[in-house]
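The sequence shown begins at 56 in the working numbering and counts up one residue at a time.
For every residue, glycine included, the Cβ atom is placed at its ideal position computed from N, Cα and C.
Just so you know, these numbers come straight off a predicted model, no measurement behind them.
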Amino acid sequence: MVTHFYDAIIIGAGASGLMCALTAGQRGRKVLLLDHSDQIGRKILISGGGRCNFTNRNVGPENYLSANPHFCKSALKRFTQWDFIAMMEKHGIRYHERAHGELFCNDTARDILKMLMTECDEAGITTLNSCKIRAISGEQPFQLNTSKGAFSTESLVIATGGLSFPKLGYSGFGHAIAKQFGMAIVPLKAGLVPFMFSDQYKEIFEALSGLALEVTLSTEEQSFTENILFTHRGLSGPAVLQLSNYWQPGDSITINLLPHHDLARQLLSDKEQHPKRELNSTLTSLLAKKLVLALEPLFWPNESGKPMAEIPDSVLFKIAAHLHNWRVKPSGTEGYRTAEVTVGGVDTQQLSSKTMQSTTQPGLYFIGEVIDVTGQLGGFNFQWAWSSGYAAGQYV
Ligand SMILES: Cc1cc2nc3c(=O)[nH]c(=O)nc-3n(C[C@H](O)[C@H](O)[C@H](O)COP(=O)(O)OP(=O)(O)OC[C@H]3O[C@@H](n4cnc5c(N)ncnc54)[C@H](O)[C@@H]3O)c2cc1C
56 MVTHFYDAII IGAGASGLMC ALTAGQRGRK VLLLDHSDQI GRKILISGGG RCNFTNRNVG
116 PENYLSANPH FCKSALKRFT QWDFIAMMEK HGIRYHERAH GELFCNDTAR DILKMLMTEC
176 DEAGITTLNS CKIRAISGEQ PFQLNTSKGA FSTESLVIAT GGLSFPKLGY SGFGHAIAKQ
236 FGMAIVPLKA GLVPFMFSDQ YKEIFEALSG LALEVTLSTE EQSFTENILF THRGLSGPAV
296 LQLSNYWQPG DSITINLLPH HDLARQLLSD KEQHPKRELN STLTSLLAKK LVLALEPLFW
356 PNESGKPMAE IPDSVLFKIA AHLHNWRVKP SGTEGYRTAE VTVGGVDTQQ LSSKTMQSTT
416 QPGLYFIGEV IDVTGQLGGF NFQWAWSSGY AAGQYV
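Structure follows, in structure tokens:
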């Protein structure tokens, strides 16, 4: 069988692989971009509800989780959110800003995929989709045996993403290749994913399904003030997805249902001003009625129907403390099926932060989500894909 040689072969034509390919192609490198899927860039297309939250106005290392928090700094500095925005503007793609600096396409995520593919075409990249990688052998040059022929290269880039959304064909391919070459993997778990409950709260949350409200959601180490959404399975919404990256099985989480209020003070003042009013009436001026009714049997079963004047201050203090500090324990997360990302991945201790090249296996590169760098919700994961793809594309 004839073996075709390329300066660089990139496995995975998603966000990071496309960026790496176009960057290397623009440097005049002969690049082959391979993907097992019949459609490249599928995650770009489904992201951000079809509008792709492609980056964030404010990107910094503090938006990323990694066993080595410094690793992402160099790549993020060398290809910033402004560089990606400049590319969008060059292609006339219109975008808008939402809360927390999140940037979305005005029209459709397809515009971004089209832009990356156009840049790849102009840079002379050869792309093969529906290409199954059967085996990788050798080392510099690496030999690839695939369903579309035999290929060889000095620079092999793994851009196959994480484990989330297995229905789109995601698997542990990139992690298996890292292991094949003796590299370590930081333990994997589903990230940016809803919580599930199996205790008394399963039923309570089910009854509240569809209700959304702004809370502060915390573990011991992290806190996010954003919306949560009660669902049939448990809790979802931006605050939950954010916290799930930091949550460990067995951890409790606390929900501050009124993060912008001093509830104890408010209850005492309401007691003075409206002594005949019932506690539930006071609370429903702050929280949805069905939430108040669901919380009543948990936190003030004996005060039900009583006027405020009859409720001792000490009891009002306790109720306020419960609502500011509601502790619940998820039984788990919904897992990779609905997770937006995979936390953990190829250990950054064995990668150059400048080039993304393995420090133990010359010529082998890892980019994007397969690495142990996970962004928070808000466009940070795509920015990591662009930045790490660019970093490797400069060197392959
Ligand atoms: C529903 C959803 C919505 C999201 N929304 C956002 C968002 O709005 N903003 C944001 O920043 N992030 C978002 N993300 C996360 C973001 O999509 C990923 O972090 C990002 O795509 C990772 O880029 P990547 O290049 O590492 O991997 P991917 O983009 O996942 O690309 C990997 C590519 O490798 C290919 N591949 C996998 N295995 C093999 C194999 N064995 N052989 C050959 N090819 C293979 C795949 O087909 C795919 O094309 C979302 C994720 C999901 C699931």
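| query | Is it true that the CB of P304 sits closer than 8 Å to the CB of G387? | reply | Yes, the pair counts as a contact, with Cβ atoms nearer than the cut-off.
| query | If we count Cβ pairs, one from each stretch, closer than 8 Å, do we get three or more for the segment 61–78 versus the segment 422–435? | reply | At 8 Å Cβ cutoff, the stretches touch.
| query | Residue ranges of each alpha helix (DSSP H) run of no fewer than 4 residues wholly in the segment 326–371, ordered along the chain? | reply | Qualifying alpha helix (DSSP H) stretches, in chain order: 334–339 and 344–354.
| Straight-line gap, I308 to K384 (C-alpha atoms, nearest Å) | Rounded to the nearest whole angstrom, the CA to CA distance from I308 to K384 is 6 Å.
| field | contact_flag[the segment 392–400, the segment 425–439] where n(CB pairs < 8 Å) is 3 or more | value | As far as the Cβ criterion goes, the segment 392–400 touches the segment 425–439, which means the pair count is three or higher.
| message | Below 8 Å, how does it come out for the segment 221–229 and the segment 430–441: are there three or more Cβ pairs, yes or no? | response | They do not touch, by the three-pair rule.
| task | For I188, verify whether its CB is less than 7 Å away from any heavy atom of ligand 1. | result | For I188, the shortest C-beta to heavy atom distance toward ligand 1 is below 7 Å.
| message | Taking the beta carbon of E177 as the centre, do at least 16 other beta carbons fall within 10 Å, making it buried, or is it exposed? | response | Per the 10 Å Cβ criterion, exposed.
| Using the C-alpha atoms, what's the distance from K345 back to S442? | When rounded, the separation of the alpha-carbon atoms in S442 and K345 is 45 Å.
| request: Measure the Cβ-Cβ separation of K169 and L183 and say whether it is below 8 Å. | output: Contact: no.
| request: Return helix, strand or coil for A63, following the three-state DSSP convention. | output: Shown here, A63 sits in a strand according to DSSP, grouped into three states.
| query | When DSSP labels each residue in this structure, what does R382 get in the three-state scheme? | reply | R382 carries a strand assignment under DSSP once its states are collapsed to helix, strand and coil.
| said: For a minimum of 4 consecutive residues, which ranges assigned as the alpha helix (DSSP H) are wholly contained in the segment 188–265? | reply: Counting only runs of at least 4 residues, the segment 188–265 fully encloses the following alpha helix (DSSP H) elements, listed from N- to C-terminal order: 228–235 and 255–262.
| task | Evaluate the contact criterion for the segment 153–171 versus the segment 99–108: three or more CB pairs, one atom per stretch, below 8 Å. | result | Cβ pair count under 8 Å is three or more, so yes.
| Helix, strand or coil: which one does DSSP assign to N184? | Correct three-state label for N184: coil.
| task | Count the C-beta pairs between the segment 267–280 and the segment 322–341 that are closer than 8 Å, then say yes if the count reaches three, no if not. | result | Taking 8 Å as the limit for Cβ pairs, the verdict is that the segment 322–341 does not touch the segment 267–280.
| How many angstroms separate the CA atom of G67 from the CA atom of T339? | Approximately 52 Å between the Cα atoms of the pair.
| CB of E209 within 8 Å of CB of G418, strictly | Yes, they are a contact pair.
| field | Whole-number beta carbon distance between S408 and F126, since they are thought to touch under 8 Å | value | Contact holds; Cβ gap of about 5 Å.
| query | Using DSSP with H/G/I as helix, E/B as strand and the rest coil, what is H125? | reply | For H125, the secondary structure class from DSSP, reduced to helix, strand or coil, is coil.
| said: Give me the residue from L131, I167, A76 and A122 with the minimum Cα distance to N113. | reply: Of the candidates L131, I167, A76 and A122, L131 places its Cα closest to the Cα of N113.
| query | What residue does the alpha helix (DSSP H) around N436 start on, and which one ends it? | reply | In this chain, the alpha helix (DSSP H) harbouring N436 covers F435 to G448.
| said: Can you find the residues in the same chain that come closer than 6 Å, C-beta to C-beta, to N335, ignoring five residues on each side of it along the sequence? | reply: Excluding sequence neighbours, N335 sits near V347.
| Would you call the CB atoms of A245 and A349 closer than 8 Å? | Against a cut-off of 8 Å, the Cβ pair of A349 and A245 comes out as no contact.
| Any heavy atom of ligand 1 within a distance shorter than 7 Å of the CB on R97? | Because some heavy atom of ligand 1 lies under 7 Å away, the Cβ of R97 counts as near it: yes.
| DSSP three-state assignment for F134, whether helix, strand or coil | In the structure shown, F134 sits in coil (DSSP, three-state: anything other than H, G, I, E or B).
| query | From which residue to which residue does the beta strand (DSSP E) around S278 run? | reply | Per DSSP, S278 is one residue of the beta strand (DSSP E) stretching across S278 to F285.
| query | Going straight from the alpha carbon of F372 to that of Q404, what length do you get? | reply | Cα-Cα distance, rounded: 49 Å.
| message | What does the Cβ neighbour count give for E117, buried or exposed, with the cut at 16 atoms within 10 Å? | response | Taking all protein chains shown into account, E117 has fewer than 16 neighbouring C-beta atoms within 10 Å of its C-beta and is therefore exposed.
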